[in-house]
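Notes for the one structure printed next.
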Amino acid sequence: MPVSTTLLQADLPGLTLVHRGKVRDVYALPPAAGVERLLIVATDRLSAFDVVLPDPIPGKGEMLTQLSNFWFARSAALMPNHLLDTAPSAVLPAGVDARLYARRAVVARRLKPVPIEAIARGYLIGSGWKDYQATGKVCGIALPPGLRLAEQLPEPIFTPSTKAAAGDHDENVDFDAVVAKVGAELAERVREATLRLYRWAADYAARRGILIADTKFEFGTDEAGRLYIMDEMLTPDSSRFWPADAYRVGSPPPSYDKQYVRDYLESIGWDKRPPGPRLPPEVIAATAAKYAEALARLADLRLD
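If you count by the working numbering, then the sequence shown holds residues 86 to 389, one letter each, in order.
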């Protein structure tokens, strides 16, 4: 198996850069068979509190892509996704080192993004816990009184948020705000798809000894209005993964996601404004190891 690579920023001369996000660099490709296409590259950039940190996590983009591809393949019968059956090597510009992109890039259908973060929560943690403490609700959804930190909810809930621009923070909103933004019909389809995919994935992960506390999906539509899941799926960047054997109600469990980095950043008193602080080598190494363990436990994949 090839050795993992490190890539902070994609460099693909001749391709048009459409978007450089917190983690992904997105390029336009010529249409094929009437389908508008994108080349999506998952870099090793790490964001926390919506700020991109200066240090990459080596191999992270490869692990995110391989885990997303695993979930996309397994869920294809439940929900169409944006992946196209074209190898990244077939569309890279001449002279580019294909090894850098082989496991971190995908060719995807170009869709119209649904402009919300579609979040499913099965446990009370993070911003949901803070909202609940303040109001007894999460995104306008009333919850039973007396729930404790990290407690499993009676049923998974749909708790959308805004899609913030770089440097800004996502903001939790209620379902009515989603309806106002995208219309009632599309809002209902997104909510239903989000909860259906979460329940399916949570059941699978539980059999692997991992609890999915919450996860964020992104959706897009084609010209016919068909809904697709896109971007990434059920990765440590978009989800909270907890080891089931360490789960205890009342305390935040250890996790396989970037909560480890968030906890470090909280411990040093960073104000969560750009620029982000440098990460110590031991935090970088431990974060990479957590991503690798999630990939291995969920997908039986190991990247050397």
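Virtual Cβ for every residue (Gly too), placed ideally from N, Cα, C.
{"Asked": "C-alpha gap between residue 380 and residue 148, whole angstroms", "Found": "7 Å"}
{"Asked": "Boundaries of the beta strand (DSSP E) in which residue 151 is found, first to last residue", "Found": "It is not in any beta strand (DSSP E) - residue 151 instead sits in the alpha helix (DSSP H) that spans 145-160."}
{"Asked": "Contacts around residue 252, its chain only, beta-carbon distance under 6 Å, and the 5 residues preceding and following it disregarded", "Found": "Note that residue 252 scores a pLDDT of 47, beneath 50, so its modelled location is shaky; the value from the coordinates is reported in the next line. For residue 252, where only same-chain residues beyond five positions count, the Cβ hits under 6 Å are 359."}
{"Asked": "Cβ pair residue 217, residue 196 closer than 8 Å", "Found": "no"}
{"Asked": "C-alpha gap between residue 179 and residue 100, whole angstroms", "Found": "11 Å"}
{"Asked": "Range covered by the beta strand (DSSP E) that runs through residue 127", "Found": "120-127"}
{"Asked": "Buried/exposed call for residue 145, threshold 16 Cβ in 10 Å", "Found": "buried"}
{"Asked": "Buried or exposed (CB count within 10 angstroms, at least 16 for buried), residue 282", "Found": "buried"}
{"Asked": "Closest residue to residue 348 among 219, 124, 368, 190 (Cα-Cα distance)", "Found": "368"}
{"Asked": "Helix, strand or coil at residue 252 according to DSSP, with G and I counted as helix", "Found": "Because the pLDDT of residue 252 is 47, which lies under 50, any placement of that residue in the model is unreliable, and the number read from its coordinates should be weighed accordingly. Three-state DSSP puts residue 252 in coil, outside helix and strand."}
{"Asked": "Inter-stretch contact at 8 Å, needing at least 3 Cβ pairs: the segment 123-132 / the segment 181-197", "Found": "yes"}
{"Asked": "Segment contact flag, the segment 271-289 with the segment 110-120, C-beta cutoff 8 Å, min 3 pairs", "Found": "no"}
{"Asked": "Length at least 4, wholly inside the segment 241-326: the alpha helix (DSSP H) runs in chain order", "Found": "260-267, 269-292"}
{"Asked": "Coil, strand or helix - residue 222 by DSSP", "Found": "strand"}
{"Asked": "Touch test, the segment 164-175 against the segment 260-272, Cβ-Cβ under 8 Å, three pairs minimum", "Found": "no"}
{"Asked": "Where residue 372 falls: helix, strand or coil (DSSP)", "Found": "helix"}
{"Asked": "Other residues of its chain near residue 234: CB distance less than 8 Å, five sequence neighbours each side excluded", "Found": "209, 210, 214, 334, 335, 336, 337"}
{"Asked": "Nearest-angstrom beta carbon gap, residue 203 and residue 245 [assumed within contact, 8 Å]", "Found": "6 Å"}
{"Asked": "Segment limits, alpha helix (DSSP H) that includes residue 183", "Found": "183-186"}
{"Asked": "Element boundaries [alpha helix (DSSP H), containing residue 114]", "Found": "Where residue 114 is concerned, there is no enclosing alpha helix (DSSP H), although the beta strand (DSSP E) it sits in stretches over 109-117."}
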